[in-house]
Structures are given as structure tokens and as C-alpha cells.
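These notes are about the structure you will find just below.
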Ligand SMILES: [Zn+2]
């Protein structure tokens, strides 16, 4: 019993002196008011501090249900990761995907000054690829074989939880235009060729190791007749002679990322992106061969090619790169920060 005084002193010491030393800080003096100001920081936060992290609610226009639903930020991110990237991908790629998805939605959120989904008024994002593909947990679980569904979902949650609240920033602000795509085909694209705006972090970079991706190289073959039908659908006023096609198609200019920038067909000029959609190609990185019967497109990659290549990220993950290295490779000059830290600025 005679030790009681000793224990009381010890407890007193731990409560008062340790925080003084730890929180008082060098050079600020060991003044008690400093401690009081610092310890209960949640008590003296002004009420207009933006709600952060798990408090953030996302208004998602559920395309299948035809209505806006409200989700916690992290639940929304999990639904995007599960819909946008194969669960078989490396965990570091899934983490990078979670951070990209979280950044995209925050930059779009109306409550955070974003402009929301342009297809649905009042929604921050839609559940379609127009914004980011999203699936509810129930929908997602049903799409996997029952024996692997739960372990798959746990892997998605591991990627989301281990990067909770992390976003991509540029100059201390949430990166406005975080883009990603399936397969770059070896080199990503500068945003100005695809979206018409420039961002220092959306420049063309090498994307090695993608050769194993299913859409690294694809071919599309169509008859000359079909080619002409499609180009006339794109531009009804075009003058083109089906019998002399080889002399009437010329790629004029390539982008920095190796995609077709401008192409002359018949008497008109098109962008590579126009031709991609008109001919049903997986990307604008194509070459054309014309023989006596057919037009053959050889296409590299899948998607617009801007920002992070998902297959490239997977391959980097398999080679030992972390999510941090993957993101900083595809988005030049960015930092990864916690939302709390960014929104306070
Ligand atoms: Zn949308």
C-alpha cells in the first residue's frame, strides 16, 4: 500500500509532463496554455471547417436505377475499383486505382467546388464510364463466381482501406483532371490531344511492360465498301472514290504519344480520335493497310491513353513498384496526400 503515493505521482507525471514535452514543442516554451490549445484540437475547430474523409458523401447517379444515391466516399471508391480494374491485378495497381478514383470524384464534387456529372444535374458523378464505372457491392459479388466472390471483395477493400483518404495533388491542390485508361500501347498521351486542355501532370510518358495486355495490339479488318460507308456516316459531304482508296488516305500528323493526330481521307481532314470511333477501333494509335479488297487497321492499346495505364500499373506492381511509384510515374510532378491535409489549405 505504501506504493500508492508513488503510483499517484507516476500517473500525475504521465498526464501532465509527457504532453508538455511532446506537444509543447521546442522554442515555444513549456506553457500550460499551449497544451490546452493543442490537445483538444477537435474542440476548438471552427464550425465551417470542411468535412473531411469518411464524412464526405458522394452523390452518385445510379444509371441502372435511374436515381441519385448518396454514398460514403470510401464505399464509393471501393465500388469504382471493383468495376474499373480486374481484381486479379496486383494489389499495388489496385491501390493506385483507388487513389485515382478518389481524386477524380473529389475534383468533381459539387460540394467541393467541382462541376459534377455533366449528364445528370445534381450528381457528383454517374455510375457509368462517362465518369467512372461503379458497381454496388451486391452487384459486384454476383458477377464473380461464388467461391471467390468474398476473397475478391476483400482484396478490393484492402486496396481501398490501405489508401484511405489519399489523393493525388499538384501544387498542394487536388489534381483536377486525373485520367486513366486500360492500355497505353507503350506510351501514354498528352491530355491536349484528347481533352483539349493541358496539365503539367498529364504529359506523355513511356509505359513499358504492357506487351502481355490483351489489347496491346488488335486488328480491325473491313471491306473498302464498309470503310466508305462509315466515313460517309461520319461526314456525309465527303468526296471519296472507293476504287482509289490507297491514294486517298494519308496520315498527316502524329501526337507525342504516337497516336494519329490528323489524317486526310478523301477531300477532308479528321482527327485520329474521330476515325477511332467511326471505325470501332480501341484507340487512336493505328496504322492502315489497304489491299485489293480490305482496309486493315493495326491498333495499339485500348482507351484514350491519358494518365495512368491500368495494365502498365499492373505490370509495374508485379515488378515491385509501389502505388506511390506507379502514380508518380504516370502523373508527372504530383504528390500523394491525405484529403484532410489538402482541404484545410
Ligand atoms: Zn457522368
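Numbering (UniProt numbering), first residue to last: 1 to 345. The beta-carbon is built from N, C-alpha and C at its ideal position, and this holds for glycine as well. Keep in mind that this is a model prediction, so the values were computed, not measured.
Let me check you understand the geometry: is the CB of residue i closer than 7 Å to at least one non-hydrogen atom of ligand 1?
i: residue 119; result: yes
i: residue 177; result: no
i: residue 124; result: no
i: residue 62; result: no
i: residue 130; result: yes
Going by beta-carbon coordinates alone, are residue i and residue j separated by less than 8 Å?
i: residue 96; j: residue 313; result: yes
i: residue 190; j: residue 255; result: yes
i: residue 76; j: residue 153; result: no
i: residue 338; j: residue 113; result: no
i: residue 219; j: residue 297; result: yes
i: residue 283; j: residue 306; result: no
i: residue 245; j: residue 232; result: no
i: residue 63; j: residue 109; result: no
i: residue 178; j: residue 100; result: yes
i: residue 78; j: residue 194; result: no
i: residue 280; j: residue 92; result: no
i: residue 56; j: residue 122; result: no
i: residue 209; j: residue 185; result: no
i: residue 238; j: residue 249; result: no
i: residue 81; j: residue 94; result: yes
i: residue 207; j: residue 309; result: yes
i: residue 132; j: residue 89; result: no
i: residue 278; j: residue 230; result: yes
i: residue 268; j: residue 235; result: yes
i: residue 175; j: residue 331; result: yes
i: residue 87; j: residue 155; result: yes
i: residue 335; j: residue 163; result: no
I need the boundaries of the beta strand (DSSP E) containing residue i, first residue and last residue.
i: residue 353; result: Here the chain comprises residues numbered 1 to 345, so residue 353 is not present and cannot be evaluated.
i: residue 327; result: No beta strand (DSSP E) holds residue 327; the alpha helix (DSSP H) holding it covers 323-330.
i: residue 292; result: Looking at the DSSP string, residue 292 is not in any beta strand (DSSP E), and its letter there is neither H nor E.
i: residue 62; result: 57-62
Residue i lies in the alpha helix (DSSP H); which residues open and close that run?
i: residue 318; result: 310-318
i: residue 343; result: 339-343
i: residue 82; result: 73-84
Taking its Cβ as the centre, do 16 or more other Cβ atoms sit within 10 Å of residue i, making it buried, or is it exposed?
i: residue 171; result: exposed
i: residue 142; result: exposed
i: residue 48; result: Interpretation of residue 48 is limited by its pLDDT of 46, a score under 50 that renders its predicted location unreliable; no figure is taken from the coordinates.
i: residue 28; result: For residue 28, the predicted model reports a pLDDT of 31, less than 50, meaning its position is unreliable; a value from the coordinates is still stated below. By the neighbour-count rule (16 or more Cβ atoms within 10 Å), residue 28 is not buried but exposed.
i: residue 221; result: exposed
i: residue 187; result: buried
i: residue 327; result: buried
i: residue 129; result: exposed
i: residue 84; result: buried
i: residue 333; result: exposed
i: residue 32; result: The pLDDT assigned to residue 32 is 32, lower than 50, so where the model puts this residue is not dependable; a value taken from the coordinates is nonetheless given after this. By the 10 Å Cβ count, residue 32 comes out exposed.
i: residue 140; result: buried
i: residue 25; result: Because the pLDDT of residue 25 is 32, which lies under 50, any placement of that residue in the model is unreliable, and the question is left without a value.
i: residue 343; result: buried
i: residue 252; result: exposed
i: residue 311; result: buried
i: residue 213; result: buried
i: residue 66; result: exposed
i: residue 319; result: exposed
i: residue 211; result: exposed
i: residue 226; result: exposed
i: residue 118; result: exposed
i: residue 74; result: buried
At a cut-off of 7 Å, would you count residue i as near ligand 3, judging by its Cβ distance to the nearest heavy atom?
i: residue 329; result: With respect to ligand 3, the structure shown offers nothing to examine, as its ligands consist of ligand 1.
Kindly indicate if chain C contains any beta-carbon less than 8 Å away from that of residue i.
i: residue 295; result: This model lacks chain C altogether, as it is built from one protein chain only.
Which ranges does the alpha helix (DSSP H) cover as unbroken runs of at least 4 residues, wholly within the stretch 105-160, from first to last along the chain? 137-143
At 4 residues or longer, what runs of the alpha helix (DSSP H) sit wholly inside the stretch 218-278? 224-234
Unbroken beta strand (DSSP E) runs of length 3 or more, entirely within the stretch 162-220: which are they? 166-170
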